[in-house]
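A short write-up of the structure that comes next.
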Ligand SMILES: [Zn+2]
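Residue numbers (this note's numbering): 162 to 516.
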């Protein structure tokens, strides 16, 4: 019924700050609803997005990349999500970067209080450029919390939409996007004993099974509406009606709002089809109809394929949104903080593209 609980205990012992600017900024530093106060030696950057603000805190620790690089990385993810929705999906969002962990970039988690992502000590600029985690987490922010059995939809949407949002700004190529799908999507097919997406909570069915649902939904909506509507319209409508990470919705409400936005019953029909029994899709046939040819790790496109126009419109470039430069603040205070929040989705660990 409720999302899994997350408890992060942080012991913060800090000193009084002696700079006037910091004292001023500390007054503004009150996203106190979450109880989070940036600890000693952390750095916070305020990023102004269209329709929202990100308070990005980088905790103290061993890193191989500069704060500037981290700010740019977060800004690029924010641009991708802002371009997708037309505005940033949260009026004010806390993002905490914690140095550490065994991955280069990993263990991302979105809670009611914001996003937490770990960065390993060996993480390089190229890893930030190639990263999917931050954009993935931002898509969690733009979707309501659901009962646990529907985690496949939360993860499927974030996994499916992240590369689409990034390809539209040119951060990755269409060849990369489709290549990753061809390689990864078979992981979402049901295995023996599968009881449908609502009842089979394996890694493959959650992330790739959920992505397969989203891909099927997107293509069906585009097909039925002569490519005038898409899954994008459903997602935007859900967010516009208040369906963000701070709200708990039923699956019925998600489907109703989404289908109304596209004027179809695609989400309802597909959900009824995939929720409670295994459905195997002919992925090779699908790639052929889309005009995606994958050979020896290389993707080429056939623009004469029946669904080639739909494929091209899915990844069509959009203008890059403007982001105002970060304002920096430092922190000081004596605090013992218990940072407790409900986790919106599972811990997102590296799962694809070899990292
Ligand atoms: Zn996730």
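For every residue, glycine included, the Cβ atom is placed at its ideal position computed from N, Cα and C.
Here the structure is a predicted model, which means the values were calculated and not measured.
Checklist line | Rounded separation between residue 460 and residue 414 - CA only | finding: 38 Å
Notebook entry, point to check: By DSSP, does residue 347 sit in helix, in strand, or in coil?
Noted result: helix
Checklist line | Extent of the continuous alpha helix (DSSP H) run through residue 420 | finding: 412-423
Next item on the list: Run the proximity test for residue 239: is its beta-carbon closer than 7 Å to any non-hydrogen atom belonging to ligand 1?
Entry: no
Checklist line | Buried/exposed call for residue 364, threshold 16 Cβ in 10 Å | finding: exposed
Check: Does the Cβ of residue 268 lie closer than 7 Å to at least one heavy atom of ligand 1?
Finding: no
Next item on the list: Would you mind stating whether residue 423 and residue 390 have Cβ atoms separated by less than 8 Å?
Entry: yes
Next item on the list: For residue 518, verify whether its CB is less than 7 Å away from any heavy atom of ligand 1.
Entry: Residue 518 falls outside the range modelled here, since the chain spans only 162 to 516, and no answer is possible.
Notebook entry, point to check: Buried or exposed: where does residue 372 fall if 16 or more other Cβ atoms within 10 Å of its Cβ makes it buried?
Noted result: buried
Notebook entry, point to check: When the Cα of residue 204 is compared with those of 255, 334 and 272, which residue comes out closest?
Noted result: 255
Next item on the list: With residue 232 as the anchor, note down where its alpha helix (DSSP H) starts and where it stops.
Entry: 228-246
Check: Within the present structure, is the beta-carbon of residue 443 separated from the nearest heavy atom of ligand 1 by less than 7 Å?
Finding: no
Next item on the list: Answer yes or no: does any C-beta atom of chain D fall closer than 8 Å to that of residue 389?
Entry: In the structure shown, chain D cannot be found, because there is only a single protein chain.
Check: Residues bridged to residue 454 by DSSP?
Finding: 461
Item checked: Three-state class that DSSP yields for residue 389 in the structure shown -> coil
Notebook entry, point to check: Within the present structure, is the beta-carbon of residue 341 separated from the nearest heavy atom of ligand 1 by less than 7 Å?
Noted result: no
Notebook entry, point to check: Quick one: does the C-beta of residue 303 sit closer than 7 Å to a heavy atom of ligand 1?
Noted result: no
Notebook entry, point to check: Mapping DSSP to helix, strand and coil, what is residue 205?
Noted result: strand
Check: So residue 277 is in the beta strand (DSSP E); what residue range does that whole segment cover?
Finding: 275-280
Check: Cβ of residue 319 versus every heavy atom of ligand 1: is any distance shorter than 7 Å?
Finding: yes
Notebook entry, point to check: Does the separation of the CB atoms of residue 253 and residue 310 fall below 8 Å?
Noted result: no
Margin query: Tell me the residue span of the alpha helix (DSSP H) that contains residue 272.
Written below: Where residue 272 is concerned, there is no enclosing alpha helix (DSSP H), although the beta strand (DSSP E) it sits in stretches over 266-272.
Checklist line | Rounded straight-line distance, which links the Cα of residue 366 to that of residue 162 | finding: Summary for residue 162: the model assigns pLDDT 35, below 50, so the residue's position carries little reliability; its value from the coordinates is reported in the next sentence. Cα to Cα, the separation comes out at about 20 Å.
Notebook entry, point to check: Do the stretch 277-295 and the stretch 368-383 touch if we need at least three Cβ pairs shorter than 8 Å?
Noted result: no
Next item on the list: Determine the burial state of residue 411: buried for a count of at least 16 other Cβ atoms within 10 Å of its Cβ, exposed for fewer.
Entry: exposed
Checklist line | Nearest-angstrom Cα separation, counted from residue 368 out to residue 338 | finding: 16 Å
Notebook entry, point to check: Could you give the residue range of the beta strand (DSSP E) that holds residue 255?
Noted result: 253-260
Note to self: Can you tell me whether residue 217 is helix, strand or coil according to DSSP?
What the structure shows: strand
Margin query: So, under 8 Å CB-CB, residue 297 and residue 320 are touching, yes? Tell me the CB distance rounded to an integer number of Å.
Written below: 7 Å
Notebook entry, point to check: Below 8 Å between beta carbons: does that hold for residue 388 and residue 471?
Noted result: yes
Item checked: Sub-8 Å separation of residue 350 and residue 441 beta-carbons -> yes
Notebook entry, point to check: For residue 409, is the beta carbon positioned less than 7 Å from some heavy atom of ligand 1?
Noted result: no
Next item on the list: Consult DSSP for residue 360 and reduce its assignment to one of helix, strand or coil.
Entry: coil
Next item on the list: Measure from the alpha carbon of residue 300 to the alpha carbon of each residue in 271, 258, 291 and 346, then state which is nearest.
Entry: 271
Margin query: What does the alpha-carbon distance come out to for the pair residue 229 and residue 359?
Written below: 42 Å
Notebook entry, point to check: If you check the beta carbons only, do residue 429 and residue 416 fall under 8 Å apart?
Noted result: yes
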